Amino acid sequence: MKLGIGIGWRPEIAAEVEALTGVDWVEVVAENLCADHLPDSLVRLRERGVTVVPHGVSLGLGGADRPDAERLAGLAARAELLGTPLVTEHIAFVRAGGPLTASPRLEAGHLLPVPRTWDALEVLCENVAIAQDALPVPLALENIAALVSWPDEELTEGQFLAELVERTGVRLLIDVANLHTNHVNLGQDPAKALDELPVEAIAYVHVAGGVEKNGVWHDTHAHPVTAPVLDVLAELRSRVDPPGVLLERDDAFPPGAELAAELETIRETLRAAGGPSGVRTGTWTGMTAPPAPAPARPGARDRTAVAQTALLSALVAGTPAPEGFDHRRLRVQSRALAAKRADVVAKVAPELPEILGDGYRAAFLDYARTRPMSDGYRRDALDFVERILVHGGLPDPVAQRRLTHWWEDRSGPRPPSRTTRIVRAARAALAGK
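With this note's numbering applied, the sequence shown closes on residue 701, and no number is skipped along the way.
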């Protein structure tokens, strides 16, 4: 199936996306959609014949646990609602801990790299097979950007992806911006990765912007696409004509004219790098997958769980860094995770920056230093406010009252824990003033 040129649909630029000409398809973050109805903008796009592909971010197929059945059912429901030809996710882990390690569950709030080892590959392949069985359409998986690399890896990125495709028949979503990010941050050669991976398995391609700070490339999706990323796109195009190419933008959204210009630059890059006459043409169908991969070897999940939990704990809970990791890069990654938590909580609970004013970010980062996320961003917002209320509250009585009311409105029915009693006492004290 040929997708063509697309753009990531986001609510903030829904009108601009609808107004763009020459857009064949859009991609939407699956978790941002309700399972039973679509935003009006997506309804109008579908009525015009624009394909909509759901892009998941929370399955964590590279994690040690088997995929969560409820999350899979939600992704399947969104695929049915959209009438999409495929769904996509990431080769990453997003949570760790829990029963496999008899430790608290930890959430990264971000996509973290899977160790390219045979253990991790077997776990990933088994998880992919479970996901494929639960989804009504083919699955494609994306390579991710990384700030840190695992020590003692046994496969290159290209070899890892090739093995994954051979064992599961899964399609690939190749993000050329992520290949560039890993070139800057980890010294990995994008051309070598493209040489090693099965380009005929590519379902489509992502292109996105980023920025370099202090020698580290940050895959922000909030900056224009840079020339080096377009160079990697040209490298890919010289090997295969991909079925689809999509521009991603997730923040600092520019005017529609700038998005149109970036799309035209992508088209021109693809035309200019057209490749030799023998270049492979990328088309994909619901290809018959090979037999389900054998279950991971005994102990593979446990070993993967221990390794991933140690890394995530170091990043979000301040435990000692696992042996072999670059400590400076771990600090950069840790700060990036905390900053992302602060940004996302500010979006899901915009009242908090309003109530706390300029002190919001510093207060949240101080909280995040010792309080790992364990149950999503909305719970994180509640836990953050609980911490403030338990530890003395705010000096401004008006802000304190607003914060207390905010917490009570959203906490729902809960047992009268110490926090609940303190919050109620604080409210009573304020009411008496």
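Note that CB positions come from ideal geometry on N, CA and C, so glycine has one too. Owing to the predicted nature of the structure, the values given are computational and were not obtained by experimental measurement.
Going by DSSP in three states, residue i sits in which element: helix, strand or coil?
i	result
residue 277	coil
residue 546	Its pLDDT being 45, under 50, residue 546 is placed unreliably by the model, and the measurement read from it follows with that caveat. Here residue 546 sits in coil by DSSP.
residue 623	helix
residue 373	strand
residue 665	helix
residue 470	strand
residue 655	helix
residue 595	helix
residue 414	coil
residue 577	helix
residue 403	coil
If you draw a straight line from the C-alpha of residue i to the C-alpha of residue j, how long is it?
i	j	result
residue 650	residue 679	7 Å
residue 394	residue 620	41 Å
residue 664	residue 641	28 Å
residue 582	residue 385	20 Å
residue 462	residue 677	52 Å
residue 417	residue 634	27 Å
residue 659	residue 631	12 Å
residue 364	residue 489	26 Å
residue 661	residue 603	25 Å
For residue i, which of the options has the nearest alpha-carbon?
i	options	result
residue 350	412, 404, 489, 668	404
residue 618	422, 594, 646	646
residue 410	658, 572, 627, 355	355
residue 482	564, 600, 561, 457	600
residue 374	278, 576, 567	576
residue 563	372, 392, 606	392
residue 291	320, 304, 305, 298	320
residue 362	388, 325, 435, 383	325
residue 367	570, 520, 341	570
Take residue i and list the residues in its own chain whose beta-carbon comes closer than 6 Å to its own, dropping the five residues that flank it on each side.
i	result
residue 486	478, 479
residue 301	346
residue 448	496, 497, 500
residue 277	285, 294, 296
residue 545	No answer about residue 545 holds up, because its pLDDT of 45 lies below 50 and its placement is not dependable.
Excluding the 5 residues flanking residue i on each side, which residues of the same chain have their C-beta closer than 7 Å to its C-beta?
i	result
residue 347	322, 355, 403, 404, 405
residue 412	358, 359, 360, 379, 381, 446
residue 286	309, 312, 313
residue 608	377, 378
residue 459	503
residue 652	613, 632, 635
residue 555	Any reading at residue 555 must be qualified, since the residue scores a pLDDT of 49, below 50, and its modelled position is unreliable; the value itself is stated next. Counting only Cβ-Cβ distances below 7 Å, and skipping sequence neighbours, we find 437.
residue 271	292, 293, 319, 472, 511, 512
Whose C-beta lies closer than 8 Å to the C-beta of residue i among residues of the same chain, with five residues either side of it excluded?
i	result
residue 493	445, 475, 476, 477, 515, 530, 533, 534
Quick check: the stretch 325-343 against the stretch 272-286, are at least 3 beta-carbon pairs closer than 8 Å?
no
Pairs of beta-carbons, one from the stretch 416-426 and one from the stretch 493-511, closer than 8 Å: are there three or more?
no
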